[in-house]
Each structure stands twice: as C-alpha cells, then as structure tokens.
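Enquirer: In this text, residue positions in the sequence shown follow the UniProt record's numbering: the first is 1, and each later residue adds one.
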Amino acid sequence: MSVKEKKVPPKLNKYMHARNPYRTPPSFKKLASVYPEFRPYCSYDVGGKVHLDFKDPKALRALTTCLLHQDFDLKVTIPDDRLVPTLPLRLNYLLWIEDLLMHAAHCETSDVIVGVDIGTGASCVYPLLAARKLGWNLVATETDNINFTAATTNVNNNDLQDNIIVKKVDDKTVLQGVLDDADIQKQMYLKKKEVNDNNDDDDDDDDDDDEVMSELNNTPSDTPCKHTDGDDNKSMKYMFDFTMCNPPFFSSEEETDSMKKSKKQRGEPISSPTGCIHEKVTTGGEVTFITQMVEESHKFKSKVR
C-alpha cells in the first residue's frame with residue numbers, strides 16, 4: 001500500500017445487532033425529500049446519489065434529529081456545542097441490554113423494566129429510544145446544567161414524563177443519590193406493582209401500600225426491601241433492572257489532543273467529533289470513573305438486577 005494511500009475503515013453494518021434497523025443504511029435521498037432542514041447538508045453526484053459531509057457537526061446533528069423523528073417519532077433538539085449521538089451504536093447498546101434481560105435475567109415482555117442511564121447528555125437519547133422503542137422506564141442522570149435542561153425539554157416535548165425521570169446529580173457521585181432516592185424508588189415501585197396487579201388473577205390487598213412506602217423511605221441502601229424480594233413476584237425483586245453509561249474517556253483536554261495525534265496512523269475518522277469538554281473529560285479519566293462506578297455498584301448491589 002502506498003504511503004499516500006489512506007486507510008479506509010471497514011463497513012460496520014454487518015457487525016450491528018441483528019435487530020438493529022440500521023443494518024440497512026438509511027436513505028439520505030428520502031430524508032432530504034421529507035426534511036427541509038436536512039437538505040442544506042446534502043450534495044448530489046451525477047447519478048443522483050445523495051452524499052453527506054460527515055466532517056460537519058451541523059450535518060451530523062441534522063441527520064440524527066431527522067432520523068429520530070422519521071424512525072421513532074421523537075422530536076429532539078441538541079444544542080450546538082453538545083454531543084451528537086450516533087444512533088446505530090446507541091441502538092446496539094440497548095438491544096444488547098435487552099438480550100441480557102431476556103436470556104440471562106429471564107425477564108418477560110410483560111415485566112416493567114427500569115434502568116438508569118448515567119450521564120444522559122443533552123439529547124437524552126438512550127432513555128428516549130428505550131421508552132419509545134422498547135417500552136422501558138429510565139432514570140436519566142446528568143451533572144451539567146445545560147445538558148440537564150435540554151434533556152428535560154426533550155423528554156417533555158415527547159410526552160414521556162411517565163417513562164423517564166431526568167435527575168440532576170452531583171458530579172462527585174455516580175449512583176449515590178440516585179438508586180437510594182426515595183421518590184424515584186416509590187415511583188418505580190408503584191409502576192411495577194400496578195402492572196403486576198393487572199397481570200395477577202387474584203385480587204391483591206392494596207392496604208399495605210403505605211407500609212411499603214414507609215419501608216422504601218427507611219431501608220438502608222445495601223438492604224433489599226422485603227416487600228420487593230420474593231420468588232412469587234420476581235419482577236419486583238429488584239427496584240432497577242440495569243444501569244448503563246457512555247462515560248467520559250479522558251482526564252484532561254490535553255489528553256484528548258494527544259489521542260487525536262496517536263490516531264493519525266489509523267487513517268481519517270469517518271465523522272467529526274462532537275461534544276463539549278465536559279462530555280469528554282472527567283477527573284482521573286475513564287479508569288477512575290469506572291472504578292468509582294464499580295465501588296458504588298457494590299454498595300447498591302441489592303437494588304439492581
């Protein structure tokens with residue numbers, strides 16, 4: 001291979017999850033015909049094929065928001081300086097979690113699934129997709145004020161407040177203050193209980209709801225609630241079914257620059273990087289972040305499936 005010849009990244013569509021709709025690439029021509037806001041970023045070759053400049057963050061933002069609306073009926077706004085999610089990768093993550101829940105945790109389609117998205121970002125893309133496509137319930141955490149406001153707006157604009165709770169959290173914690181939040185636990189308990197009662201042939205006595213609420217308020221974080229721990233009601237044994245996260249990777253802005261330089265030998269990336277420094281950098285980098293997540297996960301091991 002000539003030294004001047006650029007390395008071409010392999011097509012990743014065949015490696016996508018089997019249920020990922022983007023195994024078949026979307027039609028830019030169709031998208032441009034339906035969404036005027038997408039057209040300015042398209043170019044046409046002599047054969048009429050539509051091309052998109054993936055190095056333009058505005059083009060990526062338009063592509064993502066238009067696909068979210070076309071394929072999932074989601075109205076999403078992403079601020080100019082915030083991370084633009086790549087939908088095929090986000091869907092892969094959710095579908096892998098769905099596989100784990102179905103095949104490893106033996107969840108049923110009728111179960112109420114409750115997850116936690118750590119650092120949801122301005123788009124709130126994981127919770128929105130999970131709620132709209134899979135019918136799940138998500139607690140979305142965020143430390144940044146701009147991201148929190150944008151995420152809350154996106155949830156409200158899609159009338160998914162009953163499925164998604166956006167919670168502002170301290171940047172010193174990952175799960176602390178979320179899994180042990182009494183209001184969140186009560187809301188998710190009642191949601192699970194309502195569905196279980198509807199699926200139960202026997203008439204349950206609801207007089208103990210106040211007792212359950214009191215217990216949820218006073219149960220230590222590392223102790224399962226006795227009302228939600230039983231073989232006769234397995235979907236209520238845990239308050240949360242999974243946690244997920246797209247963590248910041250770097251410990252400093254300088255590290256992001258050094259990583260860009262080290263990737264030169266791999267060839268040019270297909271798309272332009274997006275997102276503010278807050279979404280890429282965390283104190284101690286990815287290792288420290290994941291270590292803290294593991295430690296807090298152990299503390300709350302009885303609350304997450």
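Cβ coordinates follow ideal geometry from the N, Cα and C atoms, glycine included.
Let's see if you can read the secondary structure: which residues bound the beta strand (DSSP E) around residue 105?
Expert: Careful: residue 105 lies outside any beta strand (DSSP E) and carries neither H nor E.
Enquirer: Looking at the structure shown, is residue 246 part of a helix, part of a strand, or coil, going by DSSP?
Expert: coil
Enquirer: Pull the bridge partners of residue 168 from the DSSP assignment, please.
Expert: DSSP, once it has assigned bridges, lists 142 as partnering residue 168.
Enquirer: Between the beta-carbon of residue 130 and the beta-carbon of residue 142, is there less than 8 Å?
Expert: Judged by beta-carbon spacing, residue 142 lies beyond the 8 Å limit of residue 130, meaning their Cβ atoms are not closer than that value.
Enquirer: Would you list the one or two residues that DSSP bridges to residue 115?
Expert: 138 and 242
Enquirer: Per DSSP, what kind of secondary structure is residue 93 in: helix, strand or coil?
Expert: helix
Enquirer: Alpha helix (DSSP H) containing residue 294: first to last residue?
Expert: Element bounds for residue 294: 285–299.
Enquirer: Less than 8 Å separating the beta-carbons of residue 41 and residue 62?
Expert: Yes, the pair counts as a contact, with Cβ atoms nearer than the cut-off.
Enquirer: If I'm right that residue 52 touches residue 67 with Cβ under 8 Å, what's the distance once you round it to whole angstroms?
Expert: Actually they are not in contact, since the Cβ atoms of residue 52 and residue 67 sit about 12 Å apart, beyond 8 Å.
Enquirer: Quick check on the burial criterion: 16 or more other C-beta atoms within 10 angstroms. Buried or exposed for residue 268?
Expert: Per-residue confidence for residue 268 stands at a pLDDT of 49, beneath the threshold of 50, marking its modelled position as unreliable; the derived number appears in the next sentence. Residue 268 comes out exposed.
Enquirer: Excluding five sequence neighbours on each side, which residues of the same chain lie with their C-beta closer than 6 Å to the C-beta of residue 105?
Expert: Correct list, in chain order: 305.
Enquirer: Compute the Euclidean distance between the alpha carbons of residue 289 and residue 77, then round it to the nearest angstrom.
Expert: 28 Å
Enquirer: Would you mind listing the alpha helix (DSSP H) stretches within the region 45–89 that are 4+ residues and don't spill past its ends, in chain order?
Expert: 57–72
Enquirer: To the nearest angstrom, report how far apart residue 83 and residue 121 are at their CA atoms.
Expert: 7 Å
Enquirer: Could you check the C-alpha separation between residue 226 and residue 133 for me, to the nearest Å?
Expert: In this prediction, residue 226 has a pLDDT of 49, which is less than 50 and means its spatial position is unreliable; what the coordinates show is noted afterwards. Rounded to the nearest angstrom, the two C-alpha atoms are 32 Å apart.
Enquirer: Answer with buried or exposed for residue 170, where buried requires no fewer than 16 other C-beta atoms within 10 angstroms of its C-beta.
Expert: exposed
Enquirer: In the DSSP assignment, the alpha helix (DSSP H) including residue 34 goes from what residue to what residue?
Expert: 28–34
Enquirer: According to DSSP, is residue 304 part of a helix, a strand, or is it coil?
Expert: strand
Enquirer: What number of angstroms, rounded off, separates the C-alpha of residue 109 from the C-alpha of residue 48?
Expert: 44 Å
Enquirer: Can you find the residues in the same chain that come closer than 7 Å, C-beta to C-beta, to residue 75, ignoring five residues on each side of it along the sequence?
Expert: Correct list, in chain order: 69, 157 and 158.
Enquirer: Could you give the C-beta distance for residue 17 and residue 95, rounded to a whole number, given that I count them as a contact under 8 Å?
Expert: 4 Å
Enquirer: Determine the extent of the alpha helix (DSSP H) in which residue 127 is found, giving its start and end residues.
Expert: 125–129
Enquirer: Checking the sheet assignment: what are the DSSP bridge partners for residue 43?
Expert: 51
Enquirer: Does the distance from the C-beta atom of residue 112 to that of residue 55 stay below 8 Å?
Expert: no
Enquirer: Take the Cβ of residue 102 as the centre, count every other Cβ of all protein chains shown within 10 Å, and call the residue buried at 16 or more, exposed below.
Expert: exposed
Enquirer: Can you tell me whether residue 183 is buried or exposed? The criterion is at least 16 other CB atoms within 10 Å of its CB, across all chains shown.
Expert: Classification for residue 183: exposed.
Enquirer: Compute the Euclidean distance between the alpha carbons of residue 153 and residue 38, then round it to the nearest angstrom.
Expert: 22 Å
Enquirer: For residue 25, tell me which candidate among 50, 287 and 34 has the shortest Cα-Cα distance.
Expert: 50
Enquirer: Please classify residue 163 as buried or exposed, where buried requires at least 16 neighbouring CB atoms within 10 angstroms.
Expert: Counting Cβ neighbours within 10 Å, residue 163 comes out buried, since at least 16 surround it.
Enquirer: I think residue 125 touches residue 296, with their Cβ atoms under 8 Å apart; what is that distance to the nearest whole Å?
Expert: The C-beta separation of residue 125 from residue 296 comes to about 23 Å, leaving the pair out of contact by the 8 Å criterion.
Enquirer: Out of 246, 241 and 287, which has the shortest C-alpha to C-alpha gap to residue 302?
Expert: 241
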